[in-house]
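Taking my numbering, the leading residue of the sequence shown gets -19, the next gets one more, and so forth.
Input: a single structure, listed below in structure tokens.
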Amino acid sequence: MKFFIDTANLEQIKEAEALGVLDGVTTNPSLMAKEGIKGEKAVLQHYVDICNIVDGPVSAEVLGTDFDTIVKEGEALAKLHKNIVVKVPMIKEGIKAIKYFTDKGIKTNCTLVFSAGQALLAAKAGATMVSPFIGRVDDSNWDGVQLIEQIVQVYDNYGFATEILAASIRNPLHIVRCAEAGADIATCPLSSIEGLFKHPLTDIGLAKFLEDAKKMG
Ligand code: G3P
């Protein structure tokens, strides 16, 4: 399972990269705005800065909602760095654009996916990755991990190559349950990745080993 970090915060990206288990980065307009990134030039530079920290796929989201604008923005983003993956919303014009990008060899991440039917459309258009938002599904009183299981089954039935990128992860258990379900990638806040370290028996066991080590002279 690949681990991506879901943030536009350069310090957190560096911290996750230093752990040695990071495979890529996802961003979205909300995460970019949270970092105070404003204006086209600054936004594009920020993506380049992220690509210079992590040697793996970096999702950069288009803001347009019509085919021509999505294509224009996506082509400009793809030119920034070889690792850029163009993130496109799950709408009709987005699916048309994903098919266009697929034919041009530009990698895509179909975002804002909340159903297996949407994931099926993304795969048929040739999306490199599909992003089901499991935390937001949970928020709406459905089971986000069940959605991952359903998409895994649909993709396995037909051998689709689209990678399932579990997004809107809120805690370490989400990561583990997505791994059990067979998600290819989990994109997570740093806190959820760090949460995987935690077990009280590890802390108790280490304290005891260190105490006994003192007796070794
Ligand atoms: O990857 C999508 C993610 O950024 C959305 O997360 O917590 O806003 O639902 P959240």
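In this text, a Cβ means the ideal position worked out from N, Cα and C, and glycines have one as well.
Please read all numbers here as calculations on a predicted model, not as lab measurements.
Would you tell me roughly how many angstroms separate the C-alpha atoms of L2 and D192, rounded to the nearest one?
34 Å
Selected residue, minimal CA-CA separation from T167, among G139, T7, V51 and T142:
T7
Residue environment, A77, which counts as buried when at least 16 other CB atoms sit within 10 Å
A77 comes out buried.
Inter-residue Cα distance where the pair is P37 and L100:
22 Å
Have a look at D83, K84, G85 and F47 and flag the residue whose alpha-carbon is nearest the alpha-carbon of V68.
If we check each option's Cα against that of V68, F47 comes out closest.
Which first and last residues belong to the alpha helix (DSSP H) in which T182 is found?
Per DSSP, T182 is one residue of the alpha helix (DSSP H) stretching across P180 to K194.
Runs of alpha helix (DSSP H) wholly within the segment 109 to 174 (minimum 4 residues, chain order):
114 to 119, 124 to 138 and 152 to 161
Name the two residues that bound the continuous alpha helix (DSSP H) containing I71.
It is not in any alpha helix (DSSP H) - I71 carries neither H nor E in the DSSP assignment.
Return the chain-ordered list of same chain residues with a C-beta closer than 6 Å to the C-beta of P152, the five sequence neighbours on each side being excluded.
S172, G175 and L176
Which of the three DSSP states is assigned to N8 in this structure?
coil
Just the Cα atoms here: how many angstroms apart are I155 and S148?
10 Å
Please tell me whether, using a cut-off of 7 Å, the distance from the CB of T88 to the nearest non-hydrogen atom of the ligand MN is below it.
With respect to the ligand MN, the structure offers nothing, as its ligand set consists of the ligand G3P.
Where do the ends of the alpha helix (DSSP H) carrying N32 lie?
Unbroken alpha helix (DSSP H) run through N32: E20 to I33.
Less than 8 Å between the C-beta atoms of I17 and G54, yes or no?
Not closer than 8 Å, so no.
DSSP three-state call for L100: helix, strand or coil?
If DSSP states are grouped into helix, strand and coil, L100 belongs with the helices.
Hey, is N32 close to the ligand G3P, as in C-beta under 7 Å from one of its heavy atoms?
no
Between the CA atoms of A187 and G106 - distance to the nearest angstrom
51 Å
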